[in-house]
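Below is one structure, written out as structure tokens, with a few remarks after it.
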Amino acid sequence: MISISCKNICLSFGTDVLLDNVTFSIEKGDRVGVVGVNGAGKTTLMKIITGQMSADKGEVYIESGSKIGYLDQYAVVDSDRSVLEEMLENFSHLKRMQSELDELQLVMDNDSNLHNVSSATVRYSEILEKFDREGGNQYVSRTKSVLQKMGFGEEFFDLPVNSLSGGQKTALALVGLILQNNDILILDEPTNHLDIESVEWLEGYIKSIKATVIVISHDRYFLDTVTSKTLDVENTHAKLYLGSYSVFYEKKEKEREIYQRHYENQQKEIARLEAYIEQQRRWNRERNIIAAESREKAIARMDKLERPEDLPKGISFSFGESIRSGNDVLSVRGLSKAFDGKPLFRDVSFEIKRLDRFFILGKNGSGKSTLLKILNSSIADYGGEFDFGTNVKVGYYDQENQNLSPSNTVLDELWNEHSSLTMTEIRSALALFRFTGDDVMKKVSVLSGGEKARLTLAKLMMSEVNLLILDEPTNHLDIASRETLEDAILQFAGTVIAVSHDRYFIKKLATRILRIEEVGATVFEHGYESYLEKCSSQSEIVTEKEKERAGKAEFLERREQKSKERKKERDIEKTEKEIGTIEEKIAELDSKMAGELATDYSALMEADKEKRALEERLDELYLFLDTLI
């Protein structure tokens, strides 16, 4: 069954065509990865599907009744409420039912009017059934569980949402989307602000749900794990491939190679025929003219292949090394950092040697970026000490790009630091990072996240350092740019210290890994795969603290269920007791009406009226008892 269908979608901005006759269909339950270079139109296409933007031409079909959840890559939750309160707002309908149940319970427990109690009892039963069916007994514990799995532990529950960082607010928006149980889930760069543990949980979640899922991502590891189809958006067109990213990549490369060969062969054949035609026409005899015309008809009959489109222009660079550093690059001893008296990390010690590619891993909030800032002298208040070795020259990549001046142009940003270079040299360097023509005159303040990342890399390339300190360098980079960065780091004749949650990037580059823990840190030799083996598959590790939390939540849920069962037993007992009392009264009235009241018309009518009221109440009680049993 078709879940989403796009037919001949076209969109232009002025004379620039972004999407041209984009056509594809996605089946219900598909897991689709959307790939393409930054600026290809991936996000725009998703906004057209969700109705946030209108296409110039074309049609979008969404399966009737489908509930769509969309996560913009820049989405943030902004609220004065606490983190937990804000996420519980996703269940406002259940909270309203809970409030009504509480009010009805007060009536049933305290109201002396039997009719009011009876009405409240019937209404309570109706709402309780719906409340249970829609997850009313689990939504609080489920919300807490999802928050914890996405990196928001109990210490975040009572924090105001407005006190969170931008990345945390985006991650919180993803939590809200997960809690909503949508039929179609569209996620734009969902892993950008998640640590590895949270990404792994998200992978498991996506694989477990029945919803149709579309993911725009440059995280190759993530795409290979969760997707079974790939939508490639390139050069204004889009093509749907069967297979995850790695499968798609091989298919596309093979297709392009075959098409290129067919095109070249056809061009050679056309050139051969045209040369033959020209030769025959030079001889200009009748049979030569006939032969030439025959070959012209052969060319005309050909199904001409279009010249293969050029691949989108990528970045191209390498890191130069100023001078060679000593073998001992960095020594860190007992490093500690606290904020407002609360420890972030304590007693972190490690040594780094020349040519190490040293990756620092840990959960969000463990202090990875703070550690890099300390090493870059951006933070001065810390405990412990560290020393750089001989001839170490540091280049620092800040994931927030705070080393860029918003008021500068792209050109100024490089030229201010390398004033000895000519305009041509600066422009040539920027061109390697796809800044050409008028792009170099853009203000830094208007650049996208990807453009700022490329500009920061351009500055780093020209700084001639022998130690690169990189904080999430792949964020905002498309896949082609990530691959170029990986190659540049592999060829770099210096040392690298990096923080990253991109597992593909880590696996390809890391020679040693440091895992920051609550106290101290552990160094793992021999790369990422060895690290995973020694951690007994990091994605399966559950700490004792997490077990305790899970046990506590399970205990509270069991206690709540037992409380409901005890209440049900009390209600049954109370109802059966009242039924017995009413049946005794009805029997007593029947006896009186047949005896002492038989000749007293007025008293008989009063007794009959009382009996009918009791029988009406008895019917209500039996109905309520049926719902309880």
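The numbering of the sequence shown is the working numbering, which starts it at 52 and goes up by one. Virtual Cβ for every residue (Gly too), placed ideally from N, Cα, C. Computed from a predicted model, the values in this text were never measured in an experiment.
Tell me which residue opens and which closes the beta strand (DSSP E) that residue i is part of.
| i | result |
| --- | --- |
| V168 | It is not in any beta strand (DSSP E) - V168 instead sits in the alpha helix (DSSP H) that spans L165 to R184. |
| D538 | From DSSP, D538 is part of no beta strand (DSSP E) but of the alpha helix (DSSP H) over I530 to Q542. |
| V574 | A572 to E576 |
| R147 | Looking at the DSSP string, R147 is not in any beta strand (DSSP E); the run it does join, the alpha helix (DSSP H), is S143 to N161. |
| K280 | K280 to E285 |
| R563 | R563 to I567 |
| Y292 | H288 to L293 |
| L648 | Element bounds for L648: n/a, residue is neither H nor E. |
| T194 | It is not in any beta strand (DSSP E) - T194 instead sits in the alpha helix (DSSP H) that spans Y190 to K200. |
| T263 | T263 to I267 |
| D239 | I235 to D239 |
| V212 | Counting along the chain, V212 falls outside any beta strand (DSSP E), and DSSP gives it neither H nor E. |
| L122 | I119 to L122 |
| Y447 | V445 to Y448 |
Residue i and residue j: beta carbons closer than 8 angstroms?
| i | j | result |
| --- | --- | --- |
| V111 | C57 | yes |
| I520 | L423 | yes |
| K302 | R82 | no |
| S551 | T525 | yes |
| L215 | L228 | no |
| T287 | D107 | no |
| F207 | V264 | no |
| V266 | V250 | no |
| V443 | V380 | yes |
| R408 | T562 | yes |
| M513 | H469 | yes |
| L386 | I425 | yes |
| D522 | D449 | yes |
| T546 | L406 | yes |
| V9 | L674 | This structure leaves residue 9 out entirely; the chain is present only between 52 and 680. |
| A343 | R336 | no |
| E78 | I99 | no |
| L14 | K636 | The question about residue 14 has no answer here: the residues shown for the chain are numbered 52 through 680. |
| L640 | K662 | yes |
| I178 | L152 | yes |
| I30 | K419 | Residue 30 is absent from the structure shown; the chain starts at 52 and stops at 680. |
| A289 | V73 | yes |
Measure the beta-carbon distance from residue i to residue j and round it to whole angstroms, keeping in mind my assumption that it falls under 8 angstroms.
| i | j | result |
| --- | --- | --- |
| F401 | V383 | 5 angstroms |
| S297 | D283 | Not confirmed; about 13 angstroms, so no contact. |
| T460 | V491 | 7 angstroms |
| L225 | L122 | 6 angstroms |
| V465 | I564 | The question names Val, but residue 465 in the sequence shown is Leu. With a Cβ gap of about 33 angstroms, L465 and I564 do not count as contacting. |
| M97 | D239 | 6 angstroms |
| D234 | S117 | 4 angstroms |
| K220 | D129 | 7 angstroms |
| V516 | S373 | 6 angstroms |
Between which two residues does the alpha helix (DSSP H) containing residue i stretch?
| i | result |
| --- | --- |
| Q258 | At residue 258 the sequence reads Lys, which differs from the Gln that was named. K258 -> alpha helix (DSSP H) spans I247 to S259. |
| N316 | Y296 to W334 |
| T217 | Per the sequence shown, residue 217 should be read as Gly rather than Thr. Element bounds for G217: G217 to L230. |
| V547 | Taken as a continuous stretch (DSSP letters only), V547 belongs to no alpha helix (DSSP H), being part of the beta strand (DSSP E) at T546 to V550. |
| Y686 | The chain is shown only over 52 to 680; residue 686 falls outside these bounds and no answer can be derived. |
| L139 | V134 to L139 |
| F207 | E205 to F208 |
| D553 | Premise fails: D553 is in no alpha helix (DSSP H) and is neither H nor E. |
| D275 | R271 to V277 |
Select from the options the residue whose C-alpha is nearest the C-alpha of residue i.
| i | options | result |
| --- | --- | --- |
| N164 | L674, F675, R668 and F437 | R668 |
| R621 | R132, L676 and K220 | L676 |
| R505 | E515, N517 and A531 | A531 |
| P241 | S192, V85 and G365 | V85 |
| K559 | D538, S642 and E576 | D538 |
| H144 | D183, T74 and L472 | D183 |
| K628 | A544, L655, L672 and L583 | L672 |
| T441 | R397, G385 and S376 | S376 |
| A322 | K200, V277, I341 and I350 | I350 |
| I309 | P359, I328 and F75 | P359 |
| F484 | T475, S471, K510 and D463 | K510 |
| N89 | Q124, K414 and S105 | Q124 |
| Q199 | A262, E285, K414 and D641 | K414 |
| L230 | I247, L210, M201 and G218 | M201 |
| E320 | Y582, L640 and R352 | R352 |
| I247 | T421, R554 and L536 | R554 |
How about residue i: is its C-beta nearer than 8 angstroms to some C-beta of chain D?
| i | result |
| --- | --- |
| K619 | The chain inventory of the structure shown lacks chain D, comprising one protein chain alone. |
Q) Counting only runs that start and end within the region 58-116, where is the beta strand (DSSP E) found for 3 or more residues in a row? A) Under the rule that a run must span 3 or more residues, the beta strand (DSSP E) segments found entirely inside the region 58-116 read 67-78, 82-86 and 108-113.
(Q) So within the region 465-533, which uninterrupted beta strand (DSSP E) runs reach at least 3 residues, ignoring any that extend past its ends? (A) 518-522
Q: Kindly provide the ranges of any beta strand (DSSP E) runs that are 3 or more residues long and lie completely inside the region 401-441, ordered along the chain.
A: The qualifying runs are 408-412 and 434-439.
Q. What runs of the alpha helix (DSSP H), each 4 residues or longer, lie entirely inside the region 336-410?
A. 337-352
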